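There are 2 protein chains.
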Amino acid sequence: MQCFFDPKSVAIVGASRDPMRGGHRILKNVKTGFQGGIYPVNPTCNEIDGLRCYPSVLDIPEPVDLAIIYVPARLVSSVVRECAQRGVPGAIIESAGFAETGAAGKARQDELKQIATETGIRLWGPNCMGLVDAVRRHVFSFVVDGIWDAGCLTGDVSLVVQSGFLSAGFVVDLMTNGGMGISKACSIGNKVDVDECDVLEWLLDDPHTKAISMYLESIADGRRLLALCRRARKPIVVLKGGKSAKGAEAAMSHTASLAGHGGVVSGALAQVGVVEAHDFAQMMDICQTLARFPDPPKTNRRRVAVLTGSGGAGIVAADFIDEVGLELAELSEATRRELARVYPEWMPVANPVDLFPAIDANGPDAYRFAFEAVCADPDVDAVLLHLAALRPQHNGFSALVDTIRRAGKPVIGWVIGRRDALEQIRRQAVEERVPIFRELYRATECLAAVLNHRPRPSGGDTDFRSNQGPEVPAEVHARLGDARGALDEHRSKRILAATGIPVVAERLVASSAEAEAVAAELGFPVVMKGLSPGKIHKTELGLVRLGIASQRAAADQFRSLMEAMNGTGSVLVQRQVRAELELIVGMIRDPQFGPCVMLGLGGVLAEVLAETVFAVAPLTHSDAMQLIARLRAQQLLDGFRRAPAVNREALAQILVRVGRLGCACPSVREIDINPVLVSNGEPVAVDASIIVDG
Amino acid sequence: MQCFFDPKSVAIVGASRDPMRGGHRILKNVKTGFQGGIYPVNPTCNEIDGLRCYPSVLDIPEPVDLAIIYVPARLVSSVVRECAQRGVPGAIIESAGFAETGAAGKARQDELKQIATETGIRLWGPNCMGLVDAVRRHVFSFVVDGIWDAGCLTGDVSLVVQSGFLSAGFVVDLMTNGGMGISKACSIGNKVDVDECDVLEWLLDDPHTKAISMYLESIADGRRLLALCRRARKPIVVLKGGKSAKGAEAAMSHTASLAGHGGVVSGALAQVGVVEAHDFAQMMDICQTLARFPDPPKTNRRRVAVLTGSGGAGIVAADFIDEVGLELAELSEATRRELARVYPEWMPVANPVDLFPAIDANGPDAYRFAFEAVCADPDVDAVLLHLAALRPQHNGFSALVDTIRRAGKPVIGWVIGRRDALEQIRRQAVEERVPIFRELYRATECLAAVLNHRPRPSGGDTDFRSNQGPEVPAEVHARLGDARGALDEHRSKRILAATGIPVVAERLVASSAEAEAVAAELGFPVVMKGLSPGKIHKTELGLVRLGIASQRAAADQFRSLMEAMNGTGSVLVQRQVRAELELIVGMIRDPQFGPCVMLGLGGVLAEVLAETVFAVAPLTHSDAMQLIARLRAQQLLDGFRRAPAVNREALAQILVRVGRLGCACPSVREIDINPVLVSNGEPVAVDASIIVDG
């Protein structure tokens, strides 16, 4: 990837003299900042803008590290072949007209793919805006012009964007609206060869990048992405387009790529500590904030002090702090004593720290004084400042800068006020790298991202690069045998049991006498079910009989079930489990991430709450514990209504093993354990269905 | 209120020569725009800034319509008395140092209250920033200076803000950042006399106000507020601070006012068609958008077409449209044919309408062409435009202005791009009154506010000004008698039944023989309960016996219950209801709104979903139906898992009658019907507790 990010020389194929053409803008952009050799290529010119122009890359006498290609789509493959022949290690193809344009374009893109495979040339794009490196002032793009004049700030946030046009507008917006400095903006287009993982891998080691934002419509290689994110020591924020059913429809018609199931993507990102964003600007706001505070906080707490000049804004801030899962700090005794020195006598010191009366009594210095006290408070993990800048000459921020520098804890600001004063504050805040926001909620959610940032688990981690987990016992493979389709409940549970998953006590019975005996042995009441080949919906077919309380009833039900199945199926007798909670556990194969484990609430709650959480298999024990912790309805697990708490260790084991089964047995397409009943805190698989390919 | 909004002459008490003092700024601000008589009052000066200065309002020779008072708190009451004596109809008191500052301040404020009551002078404030009327250029405030120079835009959104300092920053921000024109900004401070209702009432009739935003920390008179909102023919957006438990804590320490229970406030606002906002800037964005489209949409549909230059942004927009409850429009055949004319052949026409390939093939005009087609489509109710302004000379917006003017449906824009181009677009958008936003989600939620805006129900509405609903039958009063405290289950249900609420069949029994007979009469199984005076938690005390299936068992349970109660209580036999759904219905008295009806999910769901919705009593039938519709878990009511759908009419009747009971019987403090069981779709009160004051 070095050829893209650190080329010594660049050829611009399709360079043009016409200022209205992209090929002209690329050349102009490259010339503005790039310090190495620049070789325009265009068979119709001898010279452009003072530079010698070559008919083909083959004619360039010096070595070429990078070709930027902007010629009509039908000519791209021959240009790329010439590049490969010339020994150019990489090319950014900015032309459109490939897989995004139907069958003919798709064929053109496939040809590029093949050239890359055959020759080893790395291809970035096509259908993209290329690369902007604000630190090195490399603008390898046809679209952005004049960004330096427009006040582009360099910074330490890098951006990967899949969508072409969007990235252009977005990058130009970021670069010219002065709110945030950026390091690299990478528009990767159709991803024929170079994909988000290649770029991410480079950025993770890039000393000029402290945090990374990615807007993705499809995920090229889910497991590699997860592996990279898990080893990342930089914050990563991802916005995944196409998550709702309707969004996914749009994704299908826009790109050839498969939009991932929203829950799977969210689960996978959460599993590796990636922050999921919701909107474009919000993604950048969070990323910028994390770039300022890239290390996980020293404490595990999330106690926020709010300094405000307005009790009203303090109230709303307290609401938001609650909403995003942070806590309002309880100020220490020492801090309270300090604050009391500037507070008027009648006013109790509290958090949010409402400073209007203190400022009224003691002048504007009271704000700085209070801010220092709060920064020194060991019971405060972060500070949310409210600044109302009413007059340009007293913007209120300058006085705090020294304290912010020394604070040793995150300080984030919400600012409102006069346009001119705000502009002053904005400039100072950029210089001092203090994240400030114009909306209070945004400030609060960015603060939450900082305080929720946790060190990634290290040691014994899943290597997502393969989906090989530890093997399952040989018995599992033996029991799977050459089965195809949906296995029946009993066989499915035998396989789960062989994997080490607790299943309900049950036996197949062949006669009414055996039914009587087994029922007695299991203990009443029992459940009896008719298992008929290919009949999955037992309940709907009347093949499930609950609450059988005597041997005679067991015998009767045996006969009744056999009759209902016309004598063809078999009958299962199982202990009836009295449960305090129903769960669902499953395994699916996601096209982007491979085998994934699902955990959800069962029964009525499943349908009302529709709450399921996903993680990518194989799961470590810690993955499984975190997956359980991601269910919103935690109170159900912790001894709800005086029930015993769910044994989370046991549940985690089930999740780990279901994932292992998915990884070890590629023919298993789907596993559905529904329900997993929790009885006296212990989860047990009561009904299950394993679906095998074929 | 006319004296505040349309005075002919103004006295400024506390006017000052010192430019650093508020009293100077008020005078300067008034002089800048106010056309009537201006009379500075200050005993230490003869003249300020070319105007004759009077020692007291009593010395002003001309009539004074309005006094603006900015003197130390201890002097305010005597100034107000002089104003009253002089016949000044109203005063804005901008001084601080009243109820917000503890006991002494509270006493000063109480004195003002009394003067207002005695003399009839209307008092606005204290502890406020007063009034800015951008249309008339009245700045009756000490804080805002130079707003006209800073680019303040006049518009048709008016704002009521309770919090003092916040409103200052907020108003200055709005006025100087040029995003939005405003009409009036009213900072009402401690509300000693003039409150949000007085101001709202004026604004509802103000021809310069098309939509109203209110930020409130407390609600002075909940029922009057609701009455005003219900009769409003203008959109109203409210942000209520202090809704979470923590927010409410902050509210208690900041103001003397009681922060309303979040659910009650949200329910009350929803009941009268007020839009509830979440954050400051968001409130103004929604309000500005509603001011542009103040009339409820002509259709009941919410079908949105998205025009984008980026498939990626289209995907995210589709996600958001789904999230806020709008739908993506299905484009009509005619529109599809039109769009196909500019689309490249390989690309199917769909919504979101991704125009990048069309622009690529047919130039930038394709965007306008597509926009016209979509505006003409009868199956499209609103259009969400994406604009990426990459070059100042082609900002993309100008070309659309004509079509937007003629569209006849809401058009809202999301814009990103170059700073200079954005500024051009912003100016044009303000001029053309097209709401544009820098964040896609914000654009989508504002569009949702427009499309969700419904005509307020008219006719047969609740008159919130009194809480007198229709009377309840005399039997209810008779049964309440002079009871005090928590009435037992049976008595509570007899009162509910007398109100016309269906209750479970049940009888008190005095002997085991009677228990046998009644049980047989009700039909098995029955439930038997021991009612012991003062013992509310029957289940915990072991006084509830379920599933009694025979006469003998009924007799046994009678004896057992009597024994458990040491022979003191009575025994209730009731039919055991087999229910498909558990609900809770209740009535509470909210300090701000009076009697409120609550509806929630019961059983396990109650604790997991914690879902309860409120409405203020008395409820009309339509209020009750809307209350039911506000439960998020609607699928539970509509024949969940093949159960019969809940009879919403019957449930609405229960809600109406509970509310009526609350209104008609002021001594009833609380009603708790838990559960209301739904059996075969019919709701019936199974357990209940009425709590009576005393």
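Quick note, the sequences are listed as chains Y and E, same order. Residue numbers for the first sequence follow my numbering, beginning at 1 and rising by one. Residue numbers for the second sequence follow my numbering, beginning at 695 and rising by one. For every residue, glycine included, the Cβ atom is placed at its ideal position computed from N, Cα and C. All values derive from a computational prediction rather than experimental measurement.
Please classify residue i as buried or exposed, where buried requires at least 16 other C-beta atoms within 10 Å of its C-beta.
i	result
Q1328 of chain E	exposed
P683 of chain Y	buried
P7 of chain Y	buried
P713 of chain E	exposed
S78 of chain Y	exposed
E439 of chain Y	buried
K298 of chain Y	exposed
K885 of chain E	buried
E471 of chain Y	exposed
G695 of chain Y	Here chain Y comprises residues numbered 1 to 694, so residue 695 of chain Y is not present and cannot be evaluated.
So, residue i versus residue j, is the Cβ gap smaller than 8 Å?
i	j	result
L817 of chain E	V888 of chain E	yes
Q1001 of chain E	A1012 of chain E	Note on residue identity: the sequence assigns Leu, not Gln, to residue 1001 of chain E. No, the pair does not count as a contact, with Cβ atoms beyond the cut-off.
V160 of chain Y	E201 of chain Y	no
V401 of chain Y	E432 of chain Y	yes
M565 of chain Y	G542 of chain Y	no
C596 of chain Y	V264 of chain Y	yes
I815 of chain E	V782 of chain E	yes
V704 of chain E	I762 of chain E	yes
P1369 of chain E	G1297 of chain E	yes
A679 of chain E	L1299 of chain E	Outside the displayed range of chain E (695 to 1388) lies residue 679 of chain E, so it cannot be described from this structure.
L216 of chain Y	V238 of chain Y	yes
V324 of chain Y	L339 of chain Y	no
P988 of chain E	K928 of chain E	yes
A389 of chain Y	R368 of chain Y	no
Tell me where the beta strand (DSSP E) around residue i begins and ends.
i	result
P1369 of chain E	1362-1373
H386 of chain Y	382-389
Q635 of chain Y	Looking at the DSSP string, Q635 of chain Y is not in any beta strand (DSSP E), and its letter there is neither H nor E.
D850 of chain E	848-855
S9 of chain Y	9-13
S835 of chain E	Neither: S835 of chain E is in no beta strand (DSSP E) and is coded neither H nor E.
R186 of chain Y	Note that residue 186 of chain Y corresponds to Cys in the displayed sequence, not to Arg. Its beta strand (DSSP E) spans residues 182-187.
Report, in whole angstroms, the separation of the C-beta atoms of residue i and residue j, which I expect to be a contact under 8 Å.
i	j	result
L27 of chain Y	P40 of chain Y	6 Å
R997 of chain E	V1074 of chain E	6 Å
V829 of chain E	S877 of chain E	5 Å
L1313 of chain E	L1321 of chain E	7 Å
V71 of chain Y	R86 of chain Y	Incorrect: roughly 16 Å between the Cβ atoms, too far for contact.
R1239 of chain E	V1221 of chain E	7 Å
L1020 of chain E	L1141 of chain E	7 Å
R1405 of chain E	A1192 of chain E	Here chain E comprises residues numbered 695 to 1388, so residue 1405 of chain E is not present and cannot be evaluated.
G125 of chain Y	G189 of chain Y	4 Å
Go to residue i, then tell me how far its alpha helix (DSSP H) extends in each direction, as first and last residue.
i	result
D1381 of chain E	Unbroken run through D1381 of chain E: none, as it is neither H nor E.
Y1135 of chain E	1134-1146
F1014 of chain E	1005-1017
I1053 of chain E	1050-1056
W202 of chain Y	196-204
D590 of chain Y	Not the alpha helix (DSSP H): D590 of chain Y falls in the beta strand (DSSP E), residues 581-590.
G659 of chain Y	648-664
key: Continuous alpha helix (DSSP H) assignments of at least 4 residues falling wholly in the stretch 1196-1225 of chain E   = Counting only runs of 4 or more, we get 1206-1216.
query = Enumerated in chain order, which unbroken segments of the alpha helix (DSSP H) with a length of 4 residues or greater are wholly contained in the stretch 767-811 of chain E?
reply = If only complete runs of 4 or more residues are kept, the stretch 767-811 of chain E shows the alpha helix (DSSP H) at 767-780, in order along the chain.
task = With a floor of 4 residues, list each alpha helix (DSSP H) that falls wholly inside the stretch 540-566 of chain Y, ordered by position along the chain.
result = 551-564
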